[in-house]
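This report refers to the structure that appears directly beneath it.
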Amino acid sequence: MKLPRLLVLFLTLAATALASKDKPVIGLSLDTLKEERWQRDRDTFTAEVLKLGATVIVQSANSDDTRQVRDVESLISRGVDVLVIVPHNGSAMSRAVKSANEAKIPVIAYDRLILNANIDYYLTFDNVKVGEAQGGYAAAHLPKDHKARVVRIYGAPTDNNAKLFKEGQDNILAPLIKAGTIEVVHEDWALDWKPENAKKIMNAAITKAGRNIDLVVVSNDGTAGGAIQALMEEGLGGKVIVTGQDADLAACQRILRGTQAMTVYKPLKDLAALAARVAVDVAKGRKPTTAATLDNGLKQVPSLFERVISVDKENMMSTVVADGFHKAEELK
Ligand code: BGC
Numbered sequence: 008m009k010l011p012r013l014l015v016l017f018l019t020l021a022a023t024a025l026a027s028k029d030k031p032v033i034g035l036s037l038d039t040l041k042e043e044r045w046q047r048d049r050d051t052f053t054a055e056v057l058k059l060g061a062t063v064i065v066q067s068a069n070s071d072d073t074r075q076v077r078d079v080e081s082l083i084s085r086g087v088d089v090l091v092i093v094p095h096n097g098s099a100m101s102r103a104v105k106s107a108n109e110a111k112i113p114v115i116a117y118d119r120l121i122l123n124a125n126i127d128y129y130l131t132f133d134n135v136k137v138g139e140a141q142g143g144y145a146a147a148h149l150p151k152d153h154k155a156r157v158v159r160i161y162g163a164p165t166d167n168n169a170k171l172f173k174e175g176q177d178n179i180l181a182p183l184i185k186a187g188t189i190e191v192v193h194e195d196w197a198l199d200w201k202p203e204n205a206k207k208i209m210n211a212a213i214t215k216a217g218r219n220i221d222l223v224v225v226s227n228d229g230t231a232g233g234a235i236q237a238l239m240e241e242g243l244g245g246k247v248i249v250t251g252q253d254a255d256l257a258a259c260q261r262i263l264r265g266t267q268a269m270t271v272y273k274p275l276k277d278l279a280a281l282a283a284r285v286a287v288d289v290a291k292g293r294k295p296t297t298a299a300t301l302d303n304g305l306k307q308v309p310s311l312f313e314r315v316i317s318v319d320k321e322n323m324m325s326t327v328v329a330d331g332f333h334k335a336e337e338l339k
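One rule links them: number in this note's numbering = place in the sequence shown (from 1) + 7.
Quick look at the structure:
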């Protein structure tokens, strides 16, 4: 039997539409792959999406807003069903979200919030708790015999998370500053979270405030590495308490060696698996439920927060290693 050409065309189109629903394509747009964590995020997210019968197209923008907007536009034109975005700049990315909205492609902000934009979900860790863990560690390790002299190195001012980490640190440190228990001798923001920028800030702190510094509250491990390099060059390695975040391999090694005091472990596999489930559900037209919302300036965004864990040399084995994040032998 010969089917009319129009019917064949219709059946082909219908089959394609059904197939794309069955095997959704998720577009993942990353700010960068420079820090170790984002490579792990990408790999775990991709593996989880594949397990759920969908596929992923990944783009990474090398910390460049123009490039990331272009990446997102190219994912849109390739017809992805859902976009998952880690924005370099939480404000600049709203332009790309507008294009996604026009193309009716749902958008999930991953780890970092996109501001003033019509996004569908925000999946992240409890970022204020990260800052509280850093501030809390500092507060628990103040010198007993003098007012603590503290340097504060914040993250990238373009990353909304950097502000949340500072907010968490402030929750703990502000009362101590007010009470005169600690003195902040220098503070600054490390542009683009670059270790070399953190190193410059640490050098400036030593030039300005001298070598007697007790604590350096740093917001992540990459920038902690930069600060520690500056301390080492001054012969201060291991003599100053330095905080971090991400449980990067190099940071965990530094903690065991004593040049960094703590990090905040964020089980990336939990966030990546959650994001994969939500992305595939949304692609299939389902509406995942969320317990919380977060204001991004335009709307209350349905949000989910994963737990974070404060890690120092005492609990490294029972957290990061027990969870399979790093192997004990890699940490030596
Ligand atoms: C992430 C941190 C990361 C930092 C630099 C933040 O938004 O939450 O885990 O260290 O960006 O990439």
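Here a beta-carbon is modelled for each residue, glycine too, at the ideal position from N, C-alpha and C. Everything numeric in this text was worked out from a predicted model, so none of it was measured.
Contact under 8 Å by Cβ, residue i with residue j
i: residue 38; j: residue 66; result: no
i: residue 234; j: residue 223; result: yes
i: residue 237; j: residue 206; result: yes
i: residue 200; j: residue 229; result: yes
i: residue 166; j: residue 119; result: yes
i: residue 61; j: residue 83; result: no
i: residue 308; j: residue 295; result: no
i: residue 278; j: residue 59; result: no
i: residue 143; j: residue 174; result: no
i: residue 42; j: residue 280; result: no
For residue i, three-class secondary structure by DSSP
i: residue 222; result: strand
i: residue 118; result: coil
i: residue 312; result: strand
i: residue 197; result: coil
i: residue 317; result: strand
i: residue 187; result: coil
i: residue 172; result: helix
i: residue 25; result: Residue placement at residue 25 is flagged as unreliable, the pLDDT there being 46, under the threshold of 50; the coordinate-derived value follows with that caveat. Of the three classes helix, strand and coil, the one that applies to residue 25 here is helix, per DSSP.
i: residue 270; result: strand
i: residue 52; result: helix
i: residue 91; result: strand
i: residue 302; result: strand
i: residue 230; result: helix
i: residue 34; result: strand
i: residue 140; result: helix
i: residue 247; result: coil
i: residue 252; result: coil
Any chain D beta carbon closer than 8 Å to residue i
i: residue 309; result: Any reference to chain D falls outside this structure, which holds one protein chain only.
Closer than 7 Å: residue i CB and nearest the ligand BGC heavy atom
i: residue 253; result: yes
i: residue 204; result: no
i: residue 85; result: no
i: residue 42; result: yes
i: residue 200; result: yes
i: residue 119; result: yes
i: residue 60; result: no
i: residue 166; result: yes
i: residue 123; result: no
i: residue 227; result: yes
i: residue 162; result: yes
Cβ separation of residue i and residue j, assumed to be a contact under 8 Å, to the nearest whole Å
i: residue 141; j: residue 81; result: 37 Å between Cβ atoms; not a contact.
i: residue 270; j: residue 254; result: 5 Å
i: residue 156; j: residue 78; result: Not quite, the Cβ-Cβ distance comes to about 43 Å (not below 8 Å), so this is no contact.
i: residue 89; j: residue 290; result: 5 Å
i: residue 341; j: residue 122; result: There is simply no residue 341 to check, as the chain begins at 8 and stops at 339 in what is shown.
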